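Below you'll find the structure, written out as structure tokens, and then a few comments.
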Amino acid sequence: MTSVPLLTKKDFVTDQEVRWCPGCGDYAILANVQSLMPDLGVARENVVFVSGIGCSSRFPYYMNTYGFHSIHGRAPAIATGIAATRPDLKVFVITGDGDGLSIGGNHLIHALRRNENLTIVLFNNQIYGLTKGQYSPTSEVGKVTKSTPFGSLDHPFNPVALALGADATFVARSIDTERAHLASVLQQAARHQGAAFVEVYQNCNIFNDGAFDALKGEGAGNQIRLEHGQPIRFGPRLEKGIVLVEGAHLEVLDITDAREHHLLVHDAYRADPSLAFMLTRLALGPEGPTPIGVFRQVQRPVYGLEMQRQIDAAVERRGPGDLATLLQGADTWEVP
Amino acid sequence: MRTKTRQRVDHVTIRFAGDSGDGMQLTGDRFTSATARIGNDIATLPDFPAEIRAPAGSLPGVSGFQLHFADHDILTPGDAPDVLVAMNPAALKTNVEDLHPGGILVVNTDAFTRGNLKKAHYAVNPLDDHSLDRYQVFKVPITQMTIGALKDHELSSKDKQRAKNMFALGLMSFMYSRPTEPTITWLRGKFASRPEIAEANVAAFKAGWAFGETTEVFAHTYEVKPAHLPKGRYRQITGNLALAYGLIAASNRSGLPLFLGSYPITPASDILHELSRHKQFGIRTMQAEDEIAGICAALGASFAGHLGVTTTSGPGIALKTEAIGLALSVELPLIVIDIQRGGPSTGLPTKTEQSDLLQAMFGRNGDSPVPIVAPSTASGCFDAALEAARLAIKYRTPVLLLSDGYLANGAEPWRIPDVAELPDLSKIVQFQREPNHDGDFWPFLRDEVTLARPWAIPGTPGLEHRLGGLEKEDGTGNISYDPENHHRMTEIRAAKVAGIAHDIPPLDVDWGEGGGEAVAGGRGYGWGEGAPSVLVIGWGSTYGPIRAAVRRVRAEGLEVACAHLRHLNPFPSNTGEVLRRFDRVIVPEMNMGQLSLLLRARYLVDARGYNRVRGLPFTSKELEAAITEHVHEVEGGLRQ
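Line by line, the protein sequences give chains A and B.
Each residue of the first sequence is one higher than the one before, starting from 2 at the first, in my numbering.
Each residue of the second sequence is one higher than the one before, starting from 692 at the first, in my numbering.
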């Protein structure tokens, strides 16, 4: 048991004025994270928040922990250096769709495949906010913005699919306004051993307002809540379900008594990521059926711990390094 | 068997040249090792193509290794070889022009086939057309003799042929009276898991030796007596190995565990390889996904309380630029090592150059000063790594260390230092443990002398704070867009780095015999009659060629002073004073005039460059000619 004193949400709030636009989804995520910190049971001084550049990346300034607001796209790389050298720390990466998937896409996928001990939270608002409204790598095709007055041409990334493709060991999605759901997903992510990736749909009320409305509110038609061990069903009256057709693809169908036992039962712990990946492909965006919750949670050796293990093994085998012996080498001669 | 005459010589330069697949680097390395054992001073110059295996027998595929050894202290790998071993026509063609007239040329006649001659663009076999008459040519069927020596060995004919470099090594070892045991012991250790290969190589090596001993072709053997080096225990070391050891020493002497974030790049990868072998020192090495991740992970490690290091070459520095700016903005220790190579762009990956000085100095957005240290010899890389660590830790700043391809791969003897005499870096680490401002922690409240900010690492209760690349308020470190604050912070960052000038040794001038001498107290220099009016000043790996050239100029009775910079930013505090004492300042550099630009801008002196970018170190001969011309010009001008 750790002897962490009981903390409250207040202990994680800094004296810095929060500078997001009024109505921004980031406020809800910040409040949620601040609330969940006391429950993690980690001393405040052992928590580090690392971010890149973008609206979401201001996050560390508002967390009363150690923090590093770095450069565009590089948060996963900087956080890797922290986590790899200090397995005793709880390291979060806060990033956005531009920061994490455009300029920093390379670092994100490598941090995930390496399974570094990081909780990576990607705020996806499908737009560039800080640079005032250009389309992002998650914007839908045809997006009209200042930089794409005739509509964007490029096909968007699906962040959850990307993370699964990078063999991430924990992959989840939630929504800024779904307070309880977000808290639950973040708790699970923060407790995961290894790299945890959480995509949070976050509303940018200035440049891309309402992007996720189809998934929000009572009876939101397109929101599918994934729960491990439960049949996958959704709709205002849970009248729809997901079935695996011919073992090859997923289909949505209306549930009748006869069909209920055919519904796909969600298995987050499945070693093979194919079914989780199929779940990400039900629709291209929130306009279609969109699962939230934990897609995948498996165990794999953690990079920083393995690094420590190699060091321990070397010390065990050869004894702690002796500088004089090293410098001496095997092949020397004496000049009298 | 006729008795050979043994001739004493004071220094010899040998070049082994062959196809990339002929094992010339290994041959040179082994000859160097045996030579170091005798106690000769040595300097080496490996010179190989960027391609791993260019087409066999082709001109671009030639790989060479030059070794200079002597009974006195030497400064360069030798301008031109006295002996050339050419394993094929392409090696002959690309190297023979460098051989001194009258020099010894050993050729492997078996490789002079029609096909190989054609690949080397020889219309006529040069062994037959008298074009080599000015050399002492020794035609040796090295391949056939190697295969003959191995006739009882159970090996494929291809494997037997591969041992021909050991035959050549045996022959040269005989000619230059090198001991055989180190090579034999080494071969048996190297191929311990394949004894049949080890024994074949030993047999080929012995056969080469025996051939030299018994054949009447070689009338002389040569002997180079040990050099009078300072007393102590020595080993051979390359610049990259010395850097790796220097980093381990810095970690050991500071108590900070070492973290290396690096991406493979020629000619820096050896440092990553070496550090990866020594995990018992608590060293963490990470082969990152790219250059940017390498430096960012290192910076993250520094933030977490480790000694963060990244190693690369010029193209990698270009990619790391933004992260270096972040490191200097958040003021965390970080060592950035650049093993310079020919540029721009991919340039000449395996060749040496000094053309990243201005990139190191200015290659960032904003006013962003970074200390720069530069080793001048292979063994000096060890001290440079410790010095870079000292500055990084003490001043909480990224430090650029500029080595180059020549230092990286060149070997020389190194007097092994006593660990207890290495600088103690633990005192300057000083992690912040307590609040520093009325019960609060202000991450940018500085040390009044060094201007360094406190280093508080995660895990320290009560000192939770946030760092970032946005401008920070002086003291609190909070984000600040205040105009005056930004100006003040820019000045502080500059002053912090400039202040290092008071923490490094003054520029030392070698005045030559009967020249000036340092005035007591180090406040200035004076000199007597006939003191030099010309100064040659350099930095980095040109140290050897410059010193060798200056010796030659002085041997001709001319007066010239020389000095070498080991800190490029800031310059030593007396640099301007030194420069202004001379009528002429010459700056030889393997770039188009980067240090001379800085000296001109900073000190308003008419620094004259000698600039060549051939991918090879300067020869002392060319520098001698350039310096002599300047001395004559200045002295002629003064007489008028």
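Beta carbons: idealized from backbone N, C-alpha and C, even for Gly.
Note that the structure is predicted; figures quoted are calculated from it, not measured.
Exercise for review: Kindly identify the DSSP beta-bridge partner or partners of A:R234.
Suggested key: A:G242
Check your understanding: Roughly how far, in whole angstroms, is the beta-carbon of B:L1270 from the beta-carbon of B:L1290, given that I think they are within contact range, below 8 Å?
Key -> The C-beta separation of B:L1270 from B:L1290 comes to about 6 Å, placing the pair in contact by the 8 Å criterion.
**Study point:** Straight-line Cα distance separating B:S1264 from B:S822
**Key:** 56 Å
**Study point:** Simplified DSSP assignment, three categories, for B:L1142
**Key:** coil
Exercise for review: Assess, as a yes-or-no matter, whether the stretch 902–922 of chain B is touched by the stretch 951–971 of chain B under the definition of 3 or more beta carbon pairs within less than 8 Å.
Suggested key: no
Review point. Under 9 Å, do A:I233 and A:H267 count as touching if we go by C-beta distance?
Key: yes
**Study point:** CB of B:L790 within 9 Å of CB of B:P817, strictly
**Key:** no
Practice item. Determine the DSSP secondary structure at B:V1304, reduced to helix, strand or coil. Key: coil
Point to revise | Contact list for B:T1151 against chain A, beta-carbon separation under 7 Å | key: Simply E46.
Check your understanding: Since B:N799 sits in a beta bridge, which residues does DSSP pair it with?
Key -> B:V831
Point to revise | Straight-line gap, B:S1094 to B:A1065 (C-alpha atoms, nearest Å) | key: The alpha-carbon of B:S1094 is positioned some 6 Å away from that of B:A1065.
Point to revise | Reference A:F296; option with closest CA among A:E228, A:H250 and A:H263 | key: A:E228
**Study point:** Interface positions of the stretch 62–93 of chain A facing chain B (Cβ-Cβ less than 7 Å), listed along the chain
**Key:** Those residues of the stretch 62–93 of chain A that come within reach of chain B (Cβ to Cβ, closer than 7 Å) are Y62, N65, T66, Y67, G68, F69, H70, S71, I72, R75, A78, I79, A80, T81, G82, I83, A85, T86, R87, D89 and L90.
Point to revise | N- and C-terminal bounds of the alpha helix (DSSP H) containing B:G1159 | key: Annotation: B:G1159 is outside any alpha helix (DSSP H); the continuous beta strand (DSSP E) that includes it extends over R1157 to G1159.
Point to revise | Proximal chain B residues relative to A:H263, where beta-carbon distance stays under 9 Å | key: Chain B residues near A:H263: none, gap ~43 Å exceeds 9 Å.
Review point. Would A:L92 pass as a contact of A:N118 if the rule is Cβ separation under 9 Å?
Key: According to the sequence displayed, residue 92 of chain A carries Val and not Leu. Yes, the pair counts as a contact, with Cβ atoms nearer than the cut-off.
Point to revise | Where the beta strand (DSSP E) containing A:F171 begins and where it ends | key: F171 to I176
Check your understanding: From A:L327 to B:Q827, what distance separates their C-alpha atoms?
Key -> Distance between the alpha carbons of A:L327 and B:Q827 is about 44 Å.
Exercise for review: For A:G55, count neighbouring C-beta atoms within 10 Å of its own C-beta (all shown protein chains included) and say buried if the count is 16 or more, exposed if not.
Suggested key: buried
Exercise for review: Take B:G861 as the anchor and find which of B:A1252, B:W900 and B:R869 has the nearest alpha-carbon.
Suggested key: B:W900
Point to revise | For A:P274, three-class secondary structure by DSSP | key: In this structure, A:P274 counts as coil in the three-state DSSP scheme.
Review point. Ends of the beta strand (DSSP E) at B:A878?
Key: The displayed chain sequence assigns Leu, not Ala, to residue 878 of chain B. B:L878 -> not in any beta strand (DSSP E); alpha helix (DSSP H) instead, spanning E872 to K881.
Practice item. Closer than 6 Å by C-beta to B:T704: which residues in its own chain qualify, once you throw out the five before and the five after it? Chain order, please. Key: H759, G769, P772 and D773
Review point. Less than 9 Å separating the beta-carbons of B:D762 and B:A918?
Key: yes
Point to revise | First through last residue of the alpha helix (DSSP H) which encompasses B:R1032 | key: According to the DSSP assignment, B:R1032 belongs to no alpha helix (DSSP H), since it is labelled neither H nor E.
Practice item. Indicate whether A:R59 and A:R20 have their beta-carbon atoms separated by less than 9 Å. Key: yes
Review point. B:E1250 to B:G1327, Cα distance in whole Å?
Key: Approximately 13 Å between the Cα atoms of the pair.
Practice item. Say whether chain A places a C-beta atom closer than 9 Å to the C-beta of B:A956. Key: Before going further, note that residue 956 of chain B is Ile rather than Ala in the sequence given. Answer no: the Cβ-Cβ gap between B:I956 and chain A never drops below 9 Å.
Practice item. Using a cut-off of 8 Å between C-beta atoms, extract the partners of B:I939 located in chain A. Key: G322, L324 and L327
Check your understanding: Which value, in whole angstroms, describes the spacing of the CA atoms of A:Y304 and B:P1149?
Key -> 20 Å
Review point. From what residue to what residue does the alpha helix (DSSP H) around B:F1073 run?
Key: G1071 to Y1086
Check your understanding: Where does B:P678 land, buried or exposed, given buried means 16+ other C-beta within 10 angstroms?
Key -> Here chain B has residues from 692 to 1331 only, and residue 678 of chain B is not among them.
Exercise for review: Tell me where the beta strand (DSSP E) around B:C987 begins and ends.
Suggested key: Taken as a continuous stretch (DSSP letters only), B:C987 belongs to no beta strand (DSSP E), being part of the alpha helix (DSSP H) at E982 to F994.
Exercise for review: Would you check if there are 3 or more beta carbon pairs closer than 8 Å linking the stretch 1100–1115 of chain B to the stretch 727–736 of chain B?
Suggested key: In short, these stretches touch, since the Cβ pair count reaches three.
Check your understanding: Which chain A residues sit within Cβ distance under 8 Å of B:S724?
Key -> D332
Practice item. Enumerate in chain order the residues of its own chain whose CB-to-CB distance from A:T120 is below 6 Å, with the five nearest sequence positions on each side excluded. Key: F93, A190, A191 and A197
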